[in-house]
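Q: Residue numbers (this note's numbering), protein chains in the order written: chain A, 2 to 110; chain B, 12 to 638. By construction, the Cβ of each residue, glycine as well, lies at the ideal position given by its N, Cα and C atoms. On a predicted model such as this, the values are computed, not experimentally measured, just so you know.
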Ligand code: SF4
Ligand code: SF4
Ligand code: SF4
Ligand code: SF4
Ligand code: SF4
């Protein structure tokens, strides 16, 4: 798709061509829980690393779905593995392992 | 009888002992000689392998410790208590302890006494391998003829001792057989499934001692015997009437011994030989560096597959989780089954109970950590933003006490409120390091095997603490407490968990409490109890403010709440099941409430408990004497 550059605010357009289907299905294979997320944002709100720099599992998951791998990895790179998000997730997702798997699958280029 | 004597090689010693065979050799010793030679070679190669994989620094440590008198004494004591007497099992399960020590100590004494006997009565056979040094002391009774007129007091004492220890071992073997059929009688709910090599070795072990009894029974009239073998000899004589049976029995005895040694390296019984080595290495202060090599290899081969960790593991409230227990973890490590090993390593809660109860002291949680490290430590991270952290400015920066609440306490504000209230009512000034949020202590990262990342968090926190100039670091989370104590190296700063600090305040009279009527049971958090050995302080305080009830299993046998950050893959449902079983264990005496000293336990219990769950600081706070 071509960006004509007329937008005033930064584009929030989703370019699904960029989405790596193969990697994402690999993620779902190891982490079926990834699909359970309802984007409530509890994890983000409670995040210890978020105090210092934007860290969000919720957005990371959305970014992966939208083909924004770099952004997603950035959003998780400050995670300290403290486990607060696991404790608060209303869907009972094992968030720490999910973060670990995202790192493992997407960091391997 | 006369025919036998005719073939005798006549060289009578002053003790009246004659070698019945020229050269003291008979073909039946061959299976034993093959077995024992194989195991000696195998052991030497293994030893060299393990030493080769240690780092140079560790090798030096080991050498120094072996020759330091203090550790040398400890080594001998540990080897005697752990390998022979099995004191650790005795303490918890006396019958099982008897079984293990009967087989180990009894057998050991038979070997030692056998050698002493030969050294006293036929010393020339110990001179060299060619004289039969390898097998002669084992089959001594077969090779000699003792003239009855010459029997001495010294000789009969040995006959008696040998029979006595044989009986002792046999009683242990009988119990072991019984255990196979009904393990619960010896205090074990679950036992391990033996592998093929285990089975071969096991049946040989069972057969060895009864066969020895038979064999020595057959020869008792020739070579002497005591209360066990002599009557047996008389019985055999009256039933079988000839000596035809005795060579085949000695053959069988030798074959069983040989087979046992051949199967040994592939079976659980390798632990008999590896355990002393593990004790030397452990007392030298070595740690697991690689999950399969060096020190870890010594640990892996020292596991006796006794299965005591099966009942210990909190995951085993559900039968499907039995396969994640340490005993199977170690078995798969031995077999190099990478896939299974990885799965098991990630499941474990790292609660440390299997390690605490393991009679050998195999630190399998640490091997798991090392294994996680191999796959996780290379993941990248970015902690540059954490440099923005600064201590909160309000309040008195010059306080001696620094309170570090940690991530988990921030999820349970009640704990933070209680701790600060207690500090204030004791009139203590403090810096609240992470009032506005702080850097994680690094323990969860360490447990996940992301060692590099953890080290960076640790160094950032350490810098902050050292620069603050505080004298006491106070923590309300056992997970933080453990890592600050073990991995931070904070020089002169006292590191205290709030249970210890509040106990101190009360003992010194700086904090006054009243005794209420609430009956409580205290849950030992894994990282605080087994992890750091803090058992007394919280109990002291709770006794001062209420009635303390006992849990069914407590202190180092306490059951994890299931919330542990140690596990990477355990799901919510399984964790819930563990919490339920832990609560059942706690409520055995019907207390009015459960008290714990860990924010994570607090949350895990609160979701499942039928009775109120309180935090330690919370109950202290409720009982502060107002004046
Ligand atoms: S585990 Fe990571 S993402 Fe979750 S709360 Fe802690 S720092 Fe944030
Ligand atoms: S808390 Fe759980 S459900 Fe909510 S956004 Fe985070 S991962 Fe998704
Ligand atoms: S790890 Fe320890 S408790 Fe478990 S089977 Fe091995 S020796 Fe026994
Ligand atoms: S550390 Fe705890 S959870 Fe892990 S295997 Fe041992 S007993 Fe089980
Ligand atoms: S939360 Fe408590 S009981 Fe559970 S693992 Fe941690 S310290 Fe142990």
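1) DSSP three-state label for residue 570 of chain B, please.
2) So, residue 184 of chain B versus residue 229 of chain B, is the Cβ gap smaller than 8 Å?
3) Would you say residue 448 of chain B reaches chain A, if we count a Cβ-Cβ gap shorter than 8 Å as a contact?
4) Counting along the chain, where does the alpha helix (DSSP H) carrying residue 206 of chain B start and finish?
5) Quick one: Cα of residue 362 of chain B to Cα of residue 500 of chain B, how far?
6) Please list, in chain order, the residues of the region 52-82 of chain A that have any C-beta partner in chain B closer than 7 Å.
7) Give me the residue from B/113, B/521 and B/167 with the minimum Cα distance to residue 241 of chain B.
8) Which of helix, strand or coil does DSSP assign to residue 20 of chain B?
9) Output the distance between the C-alpha atoms of residue 93 of chain A and residue 584 of chain B, rounded to the nearest integer angstrom.
10) Report the residue from B/533, B/594 and B/421 whose alpha carbon sits nearest the alpha carbon of residue 47 of chain A.
11) Hey, how far is the Cα of residue 21 of chain B from the Cα of residue 175 of chain B?
12) Going along chain A in order, which residues have a C-beta closer than 9 Å to the C-beta of residue 391 of chain B?
13) May I ask you to check if the CB of residue 355 of chain B is nearer than 7 Å to at least one heavy atom of ligand 2?
14) So which residues on chain A does residue 614 of chain B lean against when the C-beta distance must stay under 8 Å?
15) May I ask which residues mark the beginning and end of the beta strand (DSSP E) holding residue 414 of chain B?
16) Out of B/561, B/620 and B/555, which has the shortest C-alpha to C-alpha gap to residue 587 of chain B?
17) Tell me the DSSP secondary structure of residue 377 of chain B in three-state form.
18) State the Cα-Cα distance for the pair residue 235 of chain B and residue 124 of chain B, rounded to the nearest angstrom.
19) How far does the beta strand (DSSP E) with residue 485 of chain B in it reach, from first residue to last?
20) For the region 266-331 of chain B, list the alpha helix (DSSP H) runs that are entirely contained and at least 4 residues long, ordered along the chain.
21) Taking beta-carbon pairs under 9 Å, can you tell me which members of the region 396-415 of chain B lie near chain A?
22) Short check: CB of residue 476 of chain B to CB of residue 498 of chain B, under 8 Å?
23) Please tell me whether, using a cut-off of 7 Å, the distance from the CB of residue 226 of chain B to the nearest non-hydrogen atom of ligand 4 is below it.
24) If we count the other Cβ atoms within 10 Å of its Cβ and call it buried at 16 or more, is residue 474 of chain B buried or exposed?
25) Tell me which residues of the region 27-50 of chain A have at least one Cβ-Cβ distance to chain B shorter than 9 Å, keeping chain order.
26) Just to confirm, is the Cβ distance from residue 68 of chain A to residue 104 of chain A under 8 Å?
27) Provide the residue span of the beta strand (DSSP E) that contains residue 534 of chain B, from first to last.
28) Do residue 50 of chain A and ligand 1 come close, with the Cβ less than 7 Å from some heavy atom?
29) Quick test of the definition: if touching needs 3 or more C-beta pairs under 8 Å, does the region 564-581 of chain B touch the region 604-619 of chain B?
30) Considering only their Cβ atoms, is the gap separating residue 502 of chain B from residue 542 of chain B smaller than 8 Å?
31) Given a cut-off of 8 Å, decide if residue 305 of chain B and residue 136 of chain B are closer than it, judged by their beta-carbon atoms.
32) Could you tell me whether any Cβ in chain B is nearer than 8 Å to the Cβ of residue 24 of chain A?
33) Is any heavy atom of ligand 4 found at a distance shorter than 7 Å from the C-beta of residue 543 of chain B?
34) May I ask you to list the residues that DSSP assigns as paired with residue 157 of chain B?
35) Spell out a yes or no on whether the region 551-559 of chain B and the region 626-635 of chain B are touching, meaning 3 or more CB-CB pairs, one atom from each, closer than 8 Å.
36) Are there any heavy atoms of ligand 6 lying less than 7 Å away from the beta-carbon of residue 91 of chain A, as far as the coordinates show?
A: Working from what's here:
1) coil
2) no
3) yes
4) No alpha helix (DSSP H) holds residue 206 of chain B; DSSP gives it neither H nor E.
5) 23 Å
6) 52, 53, 54, 78, 79, 81 and 82
7) B/167
8) Note on residue 20 of chain B: pLDDT 46, under 50, position unreliable in the model; the coordinate value appears next. In the structure shown, residue 20 of chain B sits in coil (DSSP, three-state: anything other than H, G, I, E or B).
9) 9 Å
10) B/421
11) Low confidence applies here, because residue 21 of chain B scores a pLDDT of 48, under 50, leaving its location unreliable and the question unanswered by this model.
12) 74, 78, 104 and 108
13) no
14) 88
15) 412-415
16) B/620
17) helix
18) 15 Å
19) 483-486
20) 282-294, 306-313 and 319-323
21) 396, 397, 398, 399 and 400
22) no
23) no
24) exposed
25) 34, 47, 49 and 50
26) no
27) 530-534
28) yes
29) yes
30) no
31) no
32) no
33) no
34) B/28
35) yes
36) Looking for ligand 6 in the displayed structure turns up nothing; the ligands present are ligand 1, ligand 2, ligand 3, ligand 4 and ligand 5.
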